[in-house]
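This is the structure in structure tokens:
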């Protein structure tokens, strides 16, 4: 029986609706946040989100929601 | 739902400034504190947070060396604090809500529509006096029983529906004196019975067994077309019986007695142009005068306009405002001449005939005579008509 890697390895979960809304789970912290760029630290990965009018709708211990005009998402392995 | 919960608990908008604002935000996550609408500002970040978490931020603030300031406060706790010296205002609002809620469990209005022969006020008065008074609790009202009572009281009404909507009892009726309007309630077997006395002029049977023929005199309640049909065998013995919805047209000659009178002397109203307006507040059955300018005129017409308070369309409250307008007049004594009186009486008779014609009654003979005696004009006599007299009556299981 296989378990999902977000459960076993603590990998982040990212989902999007269009390019306006983004949900992220299993992240660790925010490194950079302004209205054009958000950089989030997840387990062994740095997630860089770039765009316009970026705004964090909610930020909790489990999940965060981001909205805005997302143009670019980059994953930097550590 | 969550925004309602946040409002009830209270929430604030904070601004965090300093060198380690990102660390501050990350520590919020580790402390499992939810924030929302986190926005970057020129020198830091602003966010919304529940009031109950605000005290937990102190430790994080000290750890990160940041500064916090409150930008906005929202929610019930802050509202109550703002009006802490206005306790009676809050109590008054709560009392008002409680009264409105309590008022909504009673019926405060009865609305009747669909009448033609009977007036809506007549049926409404009957319901209020005999069955459902204003102020009755809604759960004490049995709409089915009320429908049965009204059908017994008004046999000309073929269909009645009673429904409670908000604080209003809605009664919809359908009248018929037309024998072709056979009401099939869920296809129940029915007889076609006479709504009044008469002599049959024509009978056309579409369904059922006719028990009367042309020329027969019938009385109110007699069966005209039976819903019971018999199936015979080859020896003309009844093999079986069946019950159907009787249908047909039964036209009978009936007679209406007409009687009317009025005095030749009458008073004509000569309006002076003076008017007075009073305002009354009605709470349940109590009338409280708000504006009552002086005493009434000696002779006046009074017009009453009532505006009932309601929430939405169906929640009628037992509070209304009545505006009374009085128009003064001087009565001037006059007398009709014989020709004028005869013409007036003929107009009233014609209105009576028009009412009958609207109900599909054909006037065949007019034996009404107009006479004068003792300063009174009288009209009396009979009117012979042809009309449909059948209506459907459900065959009860006992009759079957």
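Chains as they are written, first to last, in the numbering used here: chain S, 7 to 84; chain E, 36 to 435. Ideal Cβ positions, reconstructed from N, Cα and C, are used throughout, including at glycine.
Is the CB of residue 64/E under 8 Å away from at least one CB in chain S?
Judged by the 8 Å Cβ criterion, residue 64/E is in contact with chain S.
Can you tell me which of 114/E, 66/E, 384/E puts its alpha carbon nearest to the alpha carbon of residue 96/E?
Among 114/E, 66/E, 384/E, the Cα nearest to that of residue 96/E is on 66/E.
At least one CB of chain S closer than 8 Å to the CB of residue 216/E: is that the case?
For residue 216/E, the predicted structure reports a pLDDT of 48, less than 50, and the residue's modelled location is therefore unreliable. A value from the coordinates is still provided. Not closer than 8 Å to any Cβ of chain S, the Cβ of residue 216/E fails to qualify, so no.
Which residue marks the beginning of the beta strand (DSSP E) containing residue 48/S, and which one marks its end?
Residue 48/S -> beta strand (DSSP E) spans 43–48.
How long is the line joining the alpha carbons of residue 250/E and residue 241/E, rounded to whole angstroms?
Near 19 Å, if we compare the C-alpha coordinates of residue 241/E and residue 250/E.
Using three-state DSSP, classify residue 272/E as helix, strand or coil.
Note: residue 272/E maps to coil in three-state DSSP.
Compile a chain-ordered list of the residues in the stretch 48–70 of chain S whose CB is closer than 7 Å to at least one CB of chain E.
Within the stretch 48–70 of chain S, the residues whose Cβ lies closer than 7 Å to some Cβ of chain E are 61, 62, 63, 64, 65, 66, 67, listed in chain order.
Is there at least one Cβ from chain S nearer than 8 Å to residue 72/E's Cβ?
By this cut-off, residue 72/E is an interface position.
Establish whether the CB of residue 104/E and some CB of chain S are separated by less than 8 Å.
It does not; no Cβ of chain S falls within 8 Å.
Taking the straight line between their C-alpha atoms, what separation do you get for residue 213/E and residue 128/E?
Note that residue 213/E has pLDDT 48, beneath the 50 cutoff, so the model's placement of it is unreliable and the number below is only indicative. Straight-line Cα distance between these residues: approximately 55 Å.
DSSP state of residue 146/E, grouped into three classes?
Residue 146/E: strand per DSSP, three-state reduction.
For a cutoff of 8 Å on Cβ pairs, would you count residue 5/S as touching chain E?
Since the first residue shown for chain S is 7 and the last is 84, residue 5/S is missing from the structure and cannot be characterised.
Quick one: what does DSSP say residue 89/E is sitting in, helix, strand or coil?
Note: residue 89/E maps to helix in three-state DSSP.
Starting from residue 310/E, follow its DSSP beta bridges and name the residues at the other end.
Bridge partners of residue 310/E: 362/E.
Along chain S, in chain order, which residues have C-beta atoms closer than 7 Å to that of residue 67/E?
Simply 67.
Any beta carbon from chain S within less than 8 Å of residue 61/E's own beta carbon?
Answer yes: the Cβ-Cβ gap between residue 61/E and chain S drops below 8 Å somewhere.
Looking at the secondary structure, which residues open and close the beta strand (DSSP E) in which residue 407/E lies?
404–408 is the span of the beta strand (DSSP E), which, as asked, contains residue 407/E.
Any beta carbon from chain S within less than 8 Å of residue 219/E's own beta carbon?
Unreliable placement is indicated for residue 219/E, whose pLDDT of 47 sits below 50; the coordinate value is still reported in the next sentence. It does not; no Cβ of chain S falls within 8 Å.
Is there at least one Cβ from chain E nearer than 8 Å to residue 77/S's Cβ?
Residue 77/S does not count as touching chain E.
Looking at the secondary structure, which residues open and close the beta strand (DSSP E) in which residue 161/E lies?
It is not in any beta strand (DSSP E) - residue 161/E instead sits in the alpha helix (DSSP H) that spans 155–161.
Is the separation between the beta-carbon of residue 264/E and that of residue 279/E shorter than 8 Å?
It is a contact, given that the beta carbons lie within the stated cut-off.
Please report the straight-line C-alpha distance between residue 82/S and residue 55/S, rounded to a whole angstrom.
One C-alpha to the other measures close to 11 Å.
For residue 70/S, report the span of its alpha helix (DSSP H) as first-last.
Where residue 70/S is concerned, there is no enclosing alpha helix (DSSP H), although the beta strand (DSSP E) it sits in stretches over 69–83.
Work out the CA separation of residue 181/E and residue 146/E for me, nearest whole Å.
Each residue's alpha carbon lies about 14 Å from the other.
If we cut at 8 Å on Cβ distances, does residue 40/S have a partner in chain E?
Closer than 8 Å to some Cβ of chain E, the Cβ of residue 40/S qualifies, so yes.
On the DSSP letters alone, give me the boundaries of the alpha helix (DSSP H) that residue 133/E sits inside.
Residue 133/E -> alpha helix (DSSP H) spans 122–138.
Helix, strand or coil for residue 321/E? Go by DSSP, reduced to three states.
Correct three-state label for residue 321/E: strand.
How many whole angstroms separate the CB atoms of residue 364/E and residue 306/E, which I take to be in contact at a CB cut-off of 8 Å?
Indeed, because the Cβ distance is near 5 Å, the residues count as touching under 8 Å.
Give me the Cβ distance between residue 427/E and residue 259/E, rounded to the nearest whole Å; I'm assuming they're in contact under 8 Å.
Wrong, their Cβ atoms sit about 11 Å apart, outside the cutoff.
Just the Cα atoms here: how many angstroms apart are residue 163/E and residue 63/S?
Taking the straight line from one Cα to the other gives about 58 Å.
What residues from chain S crowd round residue 57/E, counting only those whose CB sits closer than 8 Å?
Ordered by position in chain S, the residues that pass the 8 Å Cβ test against residue 57/E are 35, 36, 37, 38, 39.
With respect to the beta strand (DSSP E) encompassing residue 64/S, which residues constitute its N-terminal and C-terminal limits?
Taken as a continuous stretch (DSSP letters only), the beta strand (DSSP E) holding residue 64/S covers 51–65.
So, using beta-carbon positions, are residue 47/E and residue 86/E closer together than 8 Å?
A contact, by the Cβ cut-off of 8 Å.
With a threshold of 16 other CB atoms inside 10 Å of the CB of residue 123/E, please say whether the residue is buried or exposed.
Classification for residue 123/E: exposed.
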